[in-house]
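Colleague:
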Amino acid sequence: MEPAMKGPAFQVPTEAAEAASAQRGSTRRRRVSRSMIAADTPTRHWIGALGLLVFLAIWQGSAVWLRDPSTLASPLAVIQTAWTMVHAPFAGSTLGEHLATSLNRFGAGFGLAVVIGIPLGIAMGWFHRLDVVVRPLFDLLRFVAPLAWVPFAVLWFGTGFGGPLLIIFSGAFPACVIGAYGGARLVDARLLEAARMLGARNLKIMLEVVLPSAMPSIVAALRVAAGNAWQSLVGAELIVATSGLAYLMVRGQMNRTIVIVLVGMLVIGMVGLLLEWFFRHFERFVQRRLGAIAA
Amino acid sequence: MTNGGEMSIWAQRTTALGSIAGLLLLWWIATGPAGWVDTTRFPPPSDFLESLRQITFGNYAGGDLAKHAWTSTSLVVRGFAIATVLGLSLGLTVSLSPFWRDFLMPVFNFVRPVPPLAWIPLALLWFGLGDVSKLFMIGMAASIPLVINTATGVEQIDRTLLAAARVSGASGFIWLWHVILPGAMPHIVIGLRLAMQTSWTVIVAAELLGAIWGIGKVLTAGKDDVYPGMILVGMVTVAVLGMVSTYLLTWLERWLMPWNRR
Numbered sequence: 001m002e003p004a005m006k007g008p009a010f011q012v013p014t015e016a017a018e019a020a021s022a023q024r025g026s027t028r029r030r031r032v033s034r035s036m037i038a039a040d041t042p043t044r045h046w047i048g049a050l051g052l053l054v055f056l057a058i059w060q061g062s063a064v065w066l067r068d069p070s071t072l073a074s075p076l077a078v079i080q081t082a083w084t085m086v087h088a089p090f091a092g093s094t095l096g097e098h099l100a101t102s103l104n105r106f107g108a109g110f111g112l113a114v115v116i117g118i119p120l121g122i123a124m125g126w127f128h129r130l131d132v133v134v135r136p137l138f139d140l141l142r143f144v145a146p147l148a149w150v151p152f153a154v155l156w157f158g159t160g161f162g163g164p165l166l167i168i169f170s171g172a173f174p175a176c177v178i179g180a181y182g183g184a185r186l187v188d189a190r191l192l193e194a195a196r197m198l199g200a201r202n203l204k205i206m207l208e209v210v211l212p213s214a215m216p217s218i219v220a221a222l223r224v225a226a227g228n229a230w231q232s233l234v235g236a237e238l239i240v241a242t243s244g245l246a247y248l249m250v251r252g253q254m255n256r257t258i259v260i261v262l263v264g265m266l267v268i269g270m271v272g273l274l275l276e277w278f279f280r281h282f283e284r285f286v287q288r289r290l291g292a293i294a295a
Numbered sequence: 001m002t003n004g005g006e007m008s009i010w011a012q013r014t015t016a017l018g019s020i021a022g023l024l025l026l027w028w029i030a031t032g033p034a035g036w037v038d039t040t041r042f043p044p045p046s047d048f049l050e051s052l053r054q055i056t057f058g059n060y061a062g063g064d065l066a067k068h069a070w071t072s073t074s075l076v077v078r079g080f081a082i083a084t085v086l087g088l089s090l091g092l093t094v095s096l097s098p099f100w101r102d103f104l105m106p107v108f109n110f111v112r113p114v115p116p117l118a119w120i121p122l123a124l125l126w127f128g129l130g131d132v133s134k135l136f137m138i139g140m141a142a143s144i145p146l147v148i149n150t151a152t153g154v155e156q157i158d159r160t161l162l163a164a165a166r167v168s169g170a171s172g173f174i175w176l177w178h179v180i181l182p183g184a185m186p187h188i189v190i191g192l193r194l195a196m197q198t199s200w201t202v203i204v205a206a207e208l209l210g211a212i213w214g215i216g217k218v219l220t221a222g223k224d225d226v227y228p229g230m231i232l233v234g235m236v237t238v239a240v241l242g243m244v245s246t247y248l249l250t251w252l253e254r255w256l257m258p259w260n261r262r
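Sequences listed follow chains A and B, in order. Numbering follows this note's numbering, in which position 168 of the first sequence is assigned residue number 168; successive positions increment by one, without gaps. Numbering follows this note's numbering, in which position 85 of the second sequence is assigned residue number 85; successive positions increment by one, without gaps.
1) Within 10 Å of its beta-carbon, does A:Lys204 have 16 or more other beta-carbons around it, so buried, or fewer, so exposed?
2) For the alpha helix (DSSP H) holding B:His178, just list the boundary residues, first then last.
3) When you compare the CB of A:Arg31 with every CB in chain B, is at least one pair closer than 7 Å?
4) Around the C-beta of B:Ile148, are 16 or more other C-beta atoms found within 10 angstroms, so that it is buried, or is it exposed?
5) For A:Ala73, which residues from the same chain have a beta carbon less than 7 Å from its beta carbon, with the 5 sequence-adjacent residues on both sides left out?
6) Hey, is B:Ala184's beta-carbon within less than 7 Å of any beta-carbon in chain A?
7) Spatial neighbours of B:Ala195 within its chain, please: CB distance less than 8 Å, with the 5 preceding and 5 following residues excluded, ordered by chain position.
8) B:Gly153: which of A:Ala39, A:Leu275 and A:Phe279 sits nearest, CA to CA?
9) Does any C-beta atom of chain B lie closer than 7 Å to the C-beta of A:Gly48?
10) Around the Cβ of A:Leu165, are there at least 16 other Cβ atoms within 10 angstroms (buried) or fewer (exposed)?
11) Taking Cβ-Cβ distances shorter than 7 Å, what residues in chain B pair up with A:Val273?
12) Which partner residues does B:Gly63 have in the DSSP bridge list?
13) Given 8 Å as the limit, is there contact between the segment 207–223 of chain A and the segment 73–87 of chain A, that is, 3 or more CB pairs closer than that?
14) Just grab the DSSP bridge partners of A:Ser93 for me.
15) With distance defined between alpha-carbon atoms, name the residue in B:Arg41, B:Arg112, B:Trp10 and B:Ile9 nearest to A:Leu266.
16) What did DSSP end up calling A:Phe169 once you bin it into helix, strand or coil?
17) At least one CB of chain E closer than 7 Å to the CB of A:Val154: is that the case?
18) Alpha carbon to alpha carbon, how far is A:Phe152 from B:Thr56? Give it in angstroms, no decimals.
19) Go ahead and pull the three-state DSSP assignment for B:Phe127.
20) Apart from the five residues on each side of it in sequence, which residues of its chain come closer than 7 Å, Cβ to Cβ, to A:Glu283?
21) Please list, in chain order, all residues of the same chain as A:Arg31 whose beta carbon is under 6 Å from its beta carbon, the five residues on each side excluded.
22) Determine the DSSP secondary structure at A:Phe282, reduced to helix, strand or coil.
23) Grab me the residues of A:Val240's own chain with a C-beta within less than 8 Å of its C-beta, minus the 5 sequence neighbours each way, in chain order.
24) Along the chain, where does the alpha helix (DSSP H) containing A:Gly235 start, and where does it finish?
25) For the alpha helix (DSSP H) containing A:Phe55, list its first residue and its last residue.
26) Taking only the alpha-carbon atoms, compute the straight-line gap between B:Ser95 and A:Ile37 and give it to the nearest angstrom.
27) Any beta-carbon of chain A closer than 7 Å to the one on B:Leu192?
28) Determine the DSSP secondary structure at A:Phe127, reduced to helix, strand or coil.
29) Taking only beta-carbon positions, decide if A:Met85 is within less than 7 Å of chain B.
30) Buried or exposed: A:Ser21, going by 16 or more other Cβ atoms within 10 Å of its Cβ?
31) Contact between the segment 17–24 of chain B and the segment 130–141 of chain A is defined here as three or more beta-carbon pairs at a separation below 8 Å; is this criterion met?
32) Output yes if chain B places a C-beta closer than 7 Å to the C-beta of A:Gly158; else output no.
33) Whose C-beta lies closer than 7 Å to the C-beta of B:Trp213 among residues of the same chain, with five residues either side of it excluded?
34) Since B:Thr15 meets chain A, which of its residues come closer than 9 Å, beta carbon to beta carbon?
35) So, helix, strand or coil for A:Thr242, using DSSP?
36) Please compile the residues from chain A whose C-beta is within a distance smaller than 8 Å of the C-beta of B:Arg78.
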């Protein structure tokens, strides 16, 4: 009986018929979905290009029509001004130097939050007693908006480097702790038992079982923390600093020249996008590496 | 699976209370008897209570605590309402109509990377220091997470469910109100939480930069007067208001998603 079942004369037509009917079914389903929600239709990029063009044209048009440098500057003027500021100093330094100052602050605040937050989060996820003791304090602290630290930051560390650092740190810190905590709680109990049974010590378990298991959650948290840190940096520089990208915007606002403000928004937005892109790729890279180890 | 064994819920609560009490005790010792912390840098509990009494029953930075807290809260509530209407309608538009999604999303993605607080100088130039300016900042910044989450929410609705609703004749208002909105609600609720958080962040920053009343004004005045007690009062108030609004959102969430109640 079996050879007959597997014979080509029996199988081939069935497969073809199934494929044909499946295809028919899927096209019909797609047609129904198209009328239901937008996500099931392919993106038409020419409409998007049209949308951007209309947006830029309205922007350019109203800037030319208003002729008021304190209300609106055209996109062309923004790009021109940005290009000039790359060479000519504004508010004491060139655009590149302001960018370097901001990135420096960002790196320090974010780095500090990672160095303190990730180990604390893992320890809280790992030692239940520590979790019970520290969590209420952490929850209390978490509700203080990062910018509410501004007065103490200025009072304790001044407006140069230390003050903004504390604000950026308090923006990035909660995400680091929560991500590492969640990761450490997710460790597979069977892996732990296996490691214990094979005689691994606590430190070894921590480094070789808990940390790798928590890694995906940690790198996801890093991305969120970097975004928060960048936002807090903008706030810190707007309010307390006397250099950096957001300070540039403050100067533009005080001089009532909106073109400077728009240059600031453009550069800050672009750096934010680059950071997000970098951490997204870092996340994928780590996932692939961990996948390779697990396989 | 953790080290150190699990505790009962009551043991956990007692420990939580204990650790908060421990922190308060440490605060008192460090700023008082032991003198580890300079009291011009961080206030002892007595200064904090004195500042709290002063601003609650008296006056500081142009008003009492109720006046300042109410100013900030009312701005957050109005801004959050604007952001909700704006974010939901834009989010639903781009997730239901392929044309508007294709047309608007590139512009949205061009504007989206600008962090919430970077809108502040622009708003100050356009609208000055008043309420309109702050409402613009909150509306602009807080609607962005709502748009993203509403679109994700609609995208994640089970297609079988949608098809079932369609063949049963759902369309127009019924379609939107009884199919799309409840289906997208889990993600919309996340968007609302993010929007609320953004609203508080923006209002604190905006008030730090310029305000007549508000919690940010209390913080600025405390900083300018080098008055650590009052600074701490301001921070605690911000934290408490944030906690209360999170609690109210949780309550709203239960009301919006009755099927999710536990």
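Where is the CB? At the ideal position from N, CA and C, for every residue including glycine. Just so we're clear, the structure is a prediction, and the values are computed from it rather than from any experiment.
Modeller: Looking at the coordinates:
1) Counting from one through the first sequence, the residue named residue 204 of chain A turns up at place 204. By the neighbour-count criterion, in which a residue is buried when 16 or more other Cβ atoms sit within 10 angstroms of its Cβ, A:Lys204 is exposed.
2) Numbered from 1 along the second sequence, position 178 holds the residue referred to as residue 178 of chain B. From DSSP, B:His178 is part of no alpha helix (DSSP H); its letter is neither H nor E.
3) As a working mapping, residue 31 of chain A is identified with position 31 in the first sequence. A caution first: A:Arg31 carries a pLDDT of 47, below 50, which makes its placement in the model too unreliable to give a value.
4) Here residue 148 of chain B refers to the residue found at position 148 of the second sequence. A buried status is given to B:Ile148, since no fewer than 16 other beta-carbon atoms sit within 10 Å of its beta-carbon.
5) Taking the first residue of the first sequence as 1, we reach residue 73 of chain A at position 73. Here the set comprises Ala63, Ile258, Val259 and Leu262.
6) By one-based count along the second sequence, residue 184 of chain B stands at place 184. No, because no Cβ of chain A sits closer than 7 Å to the Cβ of B:Ala184.
7) Along the second sequence, one-based indexing puts residue 195 of chain B at 195. Phe80, Ala83, Thr84, Gly87, Ala142, Ser143, Pro145 and Leu146, listed in sequence order.
8) Working through the second sequence from its first residue, we reach residue 153 of chain B at position 153. Checking every option, the nearest Cα to that of B:Gly153 belongs to A:Ala39.
9) The residue given as residue 48 of chain A occupies position 48 in the first sequence. Interface residue (Cβ-Cβ distance to chain B less than 7 Å): A:Gly48 is classified as such.
10) As a position in the first sequence, residue 165 of chain A is number 165, starting the count at 1. Residue environment analysis places A:Leu165 among the buried positions, since at least 16 neighbouring C-beta atoms fall within 10 angstroms of its C-beta.
11) Translated into positions along the first sequence, residue 273 of chain A becomes position 273. According to the sequence shown, residue 273 of chain A is Leu rather than Val. Simply Pro113.
12) Translated into the one-based positions of the second sequence, residue 63 of chain B becomes position 63. For B:Gly63, which the question treats as bridged, DSSP gives the partners B:Tyr60.
13) The segment 207–223 of chain A makes no contact with the segment 73–87 of chain A: fewer than 3 CB pairs, one atom from each, lie closer than 8 Å.
14) In the first sequence, residue 93 of chain A corresponds to position 93, counting from 1. DSSP lists A:Phe90 as partners of A:Ser93.
15) Taking the first sequence and counting its residues from 1, the one referred to as residue 266 of chain A is at position 266. Restricting attention to B:Arg41, B:Arg112, B:Trp10 and B:Ile9, the CA atom closest to the CA of A:Leu266 is found in B:Arg112.
16) Taking the first residue of the first sequence as 1, we reach residue 169 of chain A at position 169. A:Phe169: helix per DSSP, three-state reduction.
17) Looking at the structure shown, chain E is missing, and the protein chains on hand are A and B.
18) By 1-based counting over the second sequence, the position of residue 56 of chain B is 56. By 1-based counting over the first sequence, the position of residue 152 of chain A is 152. Annotation: B:Thr56 to A:Phe152 spans about 21 Å, alpha carbon to alpha carbon.
19) Taking the second sequence and counting its residues from 1, the one referred to as residue 127 of chain B is at position 127. Residue state, collapsed to three classes: helix.
20) In the first sequence, counting from the first residue as 1, residue 283 of chain A sits at position 283. Correct list, in chain order: Val219, Ala220 and Arg223.
21) Position 31 of the first sequence, counted from the first residue, corresponds to residue 31 of chain A. The predicted position of A:Arg31 is uncertain, since its pLDDT is 47 and thus under 50; a value taken from the coordinates is nonetheless stated next. Within the same chain, A:Arg31 has no close Cβ partners at all.
22) One-based indexing of the first sequence puts residue 282 of chain A at position 282. A:Phe282 falls in the helix class under three-state DSSP.
23) For this step, residue 240 of chain A is matched to residue 240 along the first sequence. Excluding positions up to five away in sequence, the list reads Val150, Ala153, Val154, Thr159, Gly163, Pro164 and Ile167.
24) In the first sequence, counting from the first residue as 1, residue 235 of chain A sits at position 235. Its alpha helix (DSSP H) spans residues Leu211 to Ile239.
25) Residue 55 of chain A sits at position 55 when you count from the first residue of the first sequence. A:Phe55 -> alpha helix (DSSP H) spans His45 to Leu66.
26) Residue 95 of chain B sits at position 95 when you count from the first residue of the second sequence. Residue 37 of chain A sits at position 37 when you count from the first residue of the first sequence. The alpha-carbon atoms of B:Ser95 and A:Ile37 are separated by roughly 6 Å.
27) Here the question's residue 192 of chain B lines up with position 192 in the second sequence. So no, B:Leu192 is outside the interface.
28) Taking the first sequence and counting its residues from 1, the one referred to as residue 127 of chain A is at position 127. Secondary structure of A:Phe127 (DSSP, three-state): strand.
29) What you label residue 85 of chain A is simply residue 85 of the first sequence in a count that begins at 1. The beta carbon of A:Met85 does not come within 7 Å of any beta carbon belonging to chain B, so the residue lies off that interface.
30) In the first sequence, residue 21 of chain A corresponds to position 21, counting from 1. Its pLDDT being 47, under 50, A:Ser21 is placed unreliably in this model, and the coordinates cannot settle the point.
31) Counting C-beta pairs closer than 8 Å gives three or more between the segment 17–24 of chain B and the segment 130–141 of chain A, which meets the contact rule.
32) Here residue 158 of chain A refers to the residue found at position 158 when the first sequence is read from its first residue. It does not; no Cβ of chain B falls within 7 Å.
33) Translated into the one-based positions of the second sequence, residue 213 of chain B becomes position 213. Annotation for B:Trp213: Gly62, Gly63, Lys67, His68 and Thr71 place their beta carbon closer than 7 Å to its own, counting only its chain and skipping 5 residues before and after.
34) Residue 15 of chain B sits at position 15 when you count from the first residue of the second sequence. What B:Thr15 touches in chain A, judged by beta-carbon distance under 9 Å, is Arg129, Val132, Val133 and Pro136, going in chain order.
35) Residue 242 of chain A sits at position 242 when you count from the first residue of the first sequence. Assigned with DSSP and collapsed to three states, A:Thr242 falls in coil, not helix or strand.
36) Start at 1 with the first residue of the second sequence, and residue 78 of chain B comes out as number 78. Correct list: empty, because the minimum Cβ distance to chain A is about 18 Å.
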